[in-house]
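Participant: Have a look at this one.
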Amino acid sequence: MSIESDIHTLWQQYNNDELTAETTDTAVYETLDTFLAAIESGDIRAAEPTGNTTGPEGWNVNEWVKQGILLNFSLRETRPREYGDVTYHDVLPLRESHDLGDRGTRNTPDGTVIRRGAHLGADCIMMSPSFVNIGAYVGDGTLVDSCDTVGSCAQIGSNVKLGANTLIGGVLEPVEDTPVIIESDAALGAGCRVTSGFHIGENTIIGENTLLSPRIPVYDLVDETVYYGKLPANRRAFTRYVESSLGDHDLFESGAYKPAVVAVDIEAETVDQTRREEALRE
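Counting from 1, position 97 in the sequence shown corresponds to residue 97 in full-length UniProt numbering; the numbering is continuous, with no gaps.
The following block contains the structure:
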């Protein structure tokens, strides 16, 4: 049987109250450990590109992977664990990191946390403090800068630059059907927030402190289209404020404003300013 079919079977048993933390045996835990190891190696992913088209339509979401992650929380008990001189309480240990150095990936002390079931590709850099959650996929050559969080099941492509204090949302709490997807060669400025399954196209550069969410419109001046939930490839995007339908109110004069995102063509000098420093990876 495949890992996928094993997880489907366990999920059905769990939903039918045939499987609980008290009744789980060694064979089930071995299946769950194999599942986590397959995510860590990149053999399975919460979502994966189909190669047939670009944009959100070019990805398949593997719901069964999310089910496997939830089973790891539901069928395991919280217990004390040791990490260095620190005792913490969780259902899973942190991810082993002995394989990272062999692939040119480095994480700086003190405070880079990689949870079990997270994948980091080759030649990545993780600056402290930062956190990569279970189910996340971080592609080759990507920079996770200080104070960054990569949420559960988020899919980050190759050679992506996540600026300091960037938040990439997850899909477990609150529950979302689609993870955040950031295509390869994108660059996010410091303080960006990407939530609720938002999709960022490749080669796109996001200005500092930009909030990207399906509830915030993206005014694409290239296609002359308003998008929700996605930012096309090869764009430079930044926050602007537009008039809100709330209108005048006693608490504020001249009406209210709400955030929006404006997307324009990328200029060559902008690309040059966000290029990778290869010396960091030699």
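Each residue gets a CB set at the ideal place from its N, CA and C atoms; glycine is no exception.
Residue 134 and residue 115 - do their beta-carbons sit closer together than 7 Å?
Facilitator: yes
Participant: Indicate the three-state DSSP secondary structure (helix, strand or coil) for residue 198 in the structure shown.
Facilitator: coil
Participant: With distance defined between alpha-carbon atoms, name the residue in 149, 113, 81, 170 nearest to residue 162.
Facilitator: 149
Participant: Taking the DSSP output, what are the residues bridged to residue 239?
Facilitator: Within the DSSP secondary-structure output, residue 239 pairs in a beta bridge with 261.
Participant: Confirm, please, whether the CB-CB distance from residue 151 to residue 169 is below 7 Å.
Facilitator: yes
Participant: Report the option in 113, 192, 200 whose CA atom is closest to the CA atom of residue 156.
Facilitator: 200
Participant: At the level of alpha carbons, what is the spacing between residue 260 and residue 79?
Facilitator: 44 Å
Participant: From the DSSP output, read off the bridge partner residues of residue 100.
Facilitator: None, per the DSSP bridge assignment.
Participant: Within the same chain, show all residues whose beta-carbon is closer than 6 Å to that of residue 154, passing over the 5 residues directly before and after it, in chain order.
Facilitator: 136, 168, 179, 180
Participant: With a threshold of 8 Å, are at least 3 pairs of Cβ atoms found where one atom belongs to the segment 65-76 and the other to the segment 23-35?
Facilitator: yes
Participant: Pull up the distance between the alpha-carbon of residue 147 and that of residue 123, whole angstroms please.
Facilitator: 20 Å
Participant: Kindly give me the distance between the Cβ atoms of residue 69 and residue 44, rounded to whole angstroms, as I take these residues to be in contact under 8 Å.
Facilitator: With 8 Å as the limit, residue 69 and residue 44 do not qualify as a contact, their Cβ atoms being about 11 Å apart.
Participant: Is the segment 53-70 in contact with the segment 4-23, if contact means three or more CB pairs nearer than 8 Å?
Facilitator: yes
Participant: Ordered along the chain, which non-local residues of its own chain (more than five positions away) have a Cβ less than 8 Å from that of residue 241?
Facilitator: Cβ neighbours of residue 241 beyond the five flanking positions: 257, 258, 259, 260.
Participant: Taking C-alpha atoms, which residue in 222, 204, 41, 177 lies nearest to residue 186?
Facilitator: 204
Participant: According to DSSP, is residue 46 part of a helix, a strand, or is it coil?
Facilitator: coil
Participant: For the alpha helix (DSSP H) holding residue 222, just list the boundary residues, first then last.
Facilitator: Looking at the DSSP string, residue 222 is not in any alpha helix (DSSP H), and its letter there is neither H nor E.
Participant: Helix, strand or coil: how does DSSP classify residue 187 here?
Facilitator: strand
Participant: Here's the rule: buried if 16 or more other CB atoms are within 10 angstroms of the residue's CB, otherwise exposed. What is residue 52?
Facilitator: exposed
Participant: Go through the segment 85-134 residue by residue and report every complete run of the beta strand (DSSP E) that reaches 3 residues or more, in order.
Facilitator: Taking 3 residues as the shortest admissible run, the segment 85-134 contains the following complete beta strand (DSSP E) segments, listed from N- to C-terminal end: 86-90, 112-114, 130-132.
Participant: Along the alpha helix (DSSP H) that carries residue 34, what are the first and last residues, could you check?
Facilitator: 26-41
Participant: Mind checking who residue 143 pairs with in its DSSP beta bridge?
Facilitator: Looking at the DSSP assignment, residue 143 forms a beta bridge with 125, 161.
Participant: Here's a check: name, in chain order, each residue in its chain whose Cβ is nearer than 7 Å to the Cβ of residue 143, leaving out the five neighbours to either side.
Facilitator: Cβ neighbours of residue 143 beyond the five flanking positions: 125, 161, 162.
Participant: If I measure Cβ to Cβ from residue 194 and keep anything under 6 Å in the same chain, skipping five residues before and after, which residues do I get?
Facilitator: 168, 180, 212
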